[in-house]
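Peer 1:
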Amino acid sequence: MRKPMIAGNWKLNKTLSEAKKLATELAQQCQDIHDRDIVIAPVYTVLSSVAEAIKNSPVQLAAQNCYPEDNGAFTGEISPLFLEDVGCELVILGHSERRQLLGENDAFINRKIHKALAVGLKPILCVGETLQQREDDQMLEILTRQIKGGLDKVTVEQMEDVVIAYEPVWAIGTGKTATDEQAQEVHSFIRGMLQGLFNQQVATATRILYGGSVKPGNVDGLMAQDDIDGALVGGASLNVDDFARIVKFEKQV
Ligand code: PEP
Numbered sequence: 007m008r009k010p011m012i013a014g015n016w017k018l019n020k021t022l023s024e025a026k027k028l029a030t031e032l033a034q035q036c037q038d039i040h041d042r043d044i045v046i047a048p049v050y051t052v053l054s055s056v057a058e059a060i061k062n063s064p065v066q067l068a069a070q071n072c073y074p075e076d077n078g079a080f081t082g083e084i085s086p087l088f089l090e091d092v093g094c095e096l097v098i099l100g101h102s103e104r105r106q107l108l109g110e111n112d113a114f115i116n117r118k119i120h121k122a123l124a125v126g127l128k129p130i131l132c133v134g135e136t137l138q139q140r141e142d143d144q145m146l147e148i149l150t151r152q153i154k155g156g157l158d159k160v161t162v163e164q165m166e167d168v169v170i171a172y173e174p175v176w177a178i179g180t181g182k183t184a185t186d187e188q189a190q191e192v193h194s195f196i197r198g199m200l201q202g203l204f205n206q207q208v209a210t211a212t213r214i215l216y217g218g219s220v221k222p223g224n225v226d227g228l229m230a231q232d233d234i235d236g237a238l239v240g241g242a243s244l245n246v247d248d249f250a251r252i253v254k255f256e257k258q259v
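Heads up: the sequence shown is residues 7 to 259, going by our numbering.
1) In angstroms, rounded to a whole number, what distance separates the CA positions of N111 and E31?
2) In whole angstroms, what separates the C-alpha of G241 from that of N19?
3) Return the first residue and the last residue of the beta strand (DSSP E) that D43 is part of.
4) Taking the continuous beta strand (DSSP E) assigned at Q66, which residues delimit it?
5) How many Å lie between T180 and I130 at the Cα?
6) Using only alpha-carbon positions, find the residue among C94, V133 and E75 that is nearest to A68.
7) Apart from the five residues on each side of it in sequence, which residues of its chain come closer than 8 Å, Cβ to Cβ, to E166?
8) Identify every residue that forms a DSSP beta bridge with R213.
9) For M11, list the residues DSSP reports as bridge partners.
10) Over what stretch of residues does the beta strand (DSSP E) that includes L131 continue unbroken?
11) Can you give me the Cβ contacts of P86 inside the same chain, cut-off strictly under 7 Å, excluding the 5 residues immediately before and after it?
12) Please state the DSSP three-state secondary structure of V208.
13) Can you determine whether any heavy atom of the ligand PEP sits closer than 7 Å to the C-beta of H193, and answer yes or no?
14) Rounded C-beta distance between R197 and M11? I'm assuming under 8 Å.
15) Going by CA-CA distance only, name the one from K159, Q164, D158 and Y172 that's closest to S146.
16) What is the residue span of the beta strand (DSSP E) that L96 lies within?
17) Closer than 8 Å is the cut-off here; do at least three beta carbon pairs connect the segment 32–42 with the segment 239–256?
18) Please list, in chain order, all residues of the same chain as I115 whose beta carbon is under 6 Å from its beta carbon, the five residues on each side excluded.
19) Tell me whether R151 is buried or exposed, calling it buried when 16 or more other Cβ atoms sit within 10 Å of its Cβ.
20) Measure from the alpha carbon of K159 to the alpha carbon of each residue in P64, A230 and A113, then state which is nearest.
21) Can you tell me the Cβ-Cβ gap for A25 and P48, rounded? I've got them flagged as a contact below 8 Å.
22) Could you tell me whether any non-hydrogen atom of the ligand PEP is closer than 7 Å to the CB of A242?
23) Buried or exposed: which applies to L28, given that a residue is buried once 16 or more other Cβ atoms fall within 10 Å of its Cβ?
24) Taking a contact to mean a Cβ-Cβ separation below 8 Å, would you say I148 touches E135 in this structure?
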């Protein structure tokens, strides 16, 4: 019932020529895949060119962030309106690198979620605990705060366009993946939270992606879990063969 989504977060990588090449090759490799959503999130400067490269393919365009205003005196920022204007359909919000390196908090991320939804961009809300928080038994409290804060005043109807990504910070870019069972346990907890915050229908319909060192070698096991609906992929999305293999995960039942 939930359509799987595999999203590649290119982070601060790929110059214009590299981005066009990667996007073109990915579009070719994924030409006939329609039973899952395929998303790439390049840097702002190449969004237009990548949009052109993936035109007429199933690959969808996302941005890695946005500012919660339409336009105005916000030097250096970019708004969902401008992202939508160049062909973005989704936007990653609340990534742990932005929370940690740029001090973003849940209230600010929530403003971005509302602004993105207002212009028709689908937000991918990232949440996840640090290793210290997990070891200190604060994981569920942290996740609860991030999800409640990030989704504050989002309506049941708007939740149709919201995707959640559970990304344990200790697994991002470290080569350490949560085990299939660890990830499933948290995804199931998040789904339960959605039921409490919204209703059963939202809990059943919302896609929850796993992120944190997803590779060709571990994607099938993760995707076999009941509550894992896709992956947010960093490092492995920079290599076309690796990312295409992740996109073509085999669902074990
Ligand atoms: C990410 O940046 O969202 C991510 C999950 O990175 P990696 O796959 O490299 O761990």
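Even glycine gets a Cβ: it sits at the ideal position worked out from N, Cα and C.
Peer 2: From the atom records:
1) For the purposes of this step, residue 111 is taken as the residue at position 105 of the sequence shown. For the purposes of this step, residue 31 is taken as the residue at position 25 of the sequence shown. About 36 Å.
2) If you number the sequence shown from 1, residue 241 lands on position 235. If you number the sequence shown from 1, residue 19 lands on position 13. Approximately 10 Å between the Cα atoms of the pair.
3) Working through the sequence shown from its first residue, we reach residue 43 at position 37. For D43, the uninterrupted beta strand (DSSP E) segment begins and ends at D43 to A47.
4) Counted from its first residue, the sequence shown places residue 66 at position 60. Residue range V65 to A69 is occupied by the beta strand (DSSP E) that includes Q66.
5) As a working mapping, residue 180 is identified with position 174 in the sequence shown. As a working mapping, residue 130 is identified with position 124 in the sequence shown. Here the C-alpha atom of T180 lies approximately 21 Å from the C-alpha atom of I130.
6) Position 62 of the sequence shown, counting from 1, holds the residue named residue 68. Cα-wise, what sits closest to A68 is C94.
7) As a first step, residue 166 is located in the sequence shown; it is residue number 160 there, counting from the start. Closer than 8 Å at the Cβ level, and outside the excluded window around E166, lie A211.
8) Taking the sequence shown and counting its residues from 1, one reaches residue 213 at position 207. The secondary-structure analysis by DSSP pairs R213 across a beta bridge with V169.
9) What you label residue 11 is simply residue 5 of the sequence shown in a count that begins at 1. Residue pairing by DSSP places M11 opposite D43 and G236 in a beta bridge.
10) Taking the first residue of the sequence shown as 1, we reach residue 131 at position 125. It spans K128 to V133 - the beta strand (DSSP E) in which L131 sits, taken as one unbroken run.
11) Sequence index remark: in the sequence shown, residue 86 carries index 80 (1-based). Only C72, V97, K121, A122, V125 and L127 meet the Cβ criterion.
12) Counted from its first residue, the sequence shown places residue 208 at position 202. Three-state DSSP puts V208 in a helix.
13) Stepping through the sequence shown from its first residue, residue 193 is reached at position 187. No heavy atom of the ligand PEP is found nearer than 7 Å to the CB of H193.
14) What you label residue 197 is simply residue 191 of the sequence shown in a count that begins at 1. What you label residue 11 is simply residue 5 of the sequence shown in a count that begins at 1. With a Cβ gap of about 16 Å, R197 and M11 do not count as contacting.
15) Position 140 of the sequence shown, counting from 1, holds the residue named residue 146. It is worth fixing the name first, because residue 146 is Leu in this sequence and not Ser. Ranking the options by Cα distance to L146, first place goes to Y172.
16) Counting from one through the sequence shown, the residue named residue 96 turns up at place 90. Counting along the chain, the beta strand (DSSP E) containing L96 begins and ends at L96 to L99.
17) Yes, they touch.
18) Here residue 115 is taken as the residue at index 109 of the sequence shown, counted from 1. Hits under 6 Å: L99, G100 and G156.
19) Reading the sequence shown from its first residue, position 145 is the one you call residue 151. In the assembly as shown, R151 is an exposed residue. Its beta-carbon has fewer than 16 other beta-carbons within 10 Å.
20) Counted from its first residue, the sequence shown places residue 159 at position 153. The option with the nearest alpha carbon to K159 is A113.
21) Residue numbering aside, residue 25 sits at position 19 when the sequence shown is read from its first letter. Residue numbering aside, residue 48 sits at position 42 when the sequence shown is read from its first letter. Taking the Cβ atoms as the reference, A25 lies roughly 5 Å from P48, within the contact range of under 8 Å.
22) Indexing the sequence shown from 1 puts residue 242 at position 236. Annotation for A242 indicates a beta carbon within 7 Å of some heavy atom of the ligand PEP.
23) The count along the sequence shown starts at 1 and reaches residue 28 at position 22. The residue is buried, with at least 16 neighbouring Cβ atoms inside 10 Å.
24) Locating residue 148 in the sequence shown gives position 142, where the first residue counts as 1. Locating residue 135 in the sequence shown gives position 129, where the first residue counts as 1. With a cutoff of 8 Å on beta-carbon distance, I148 and E135 are scored as near each other.
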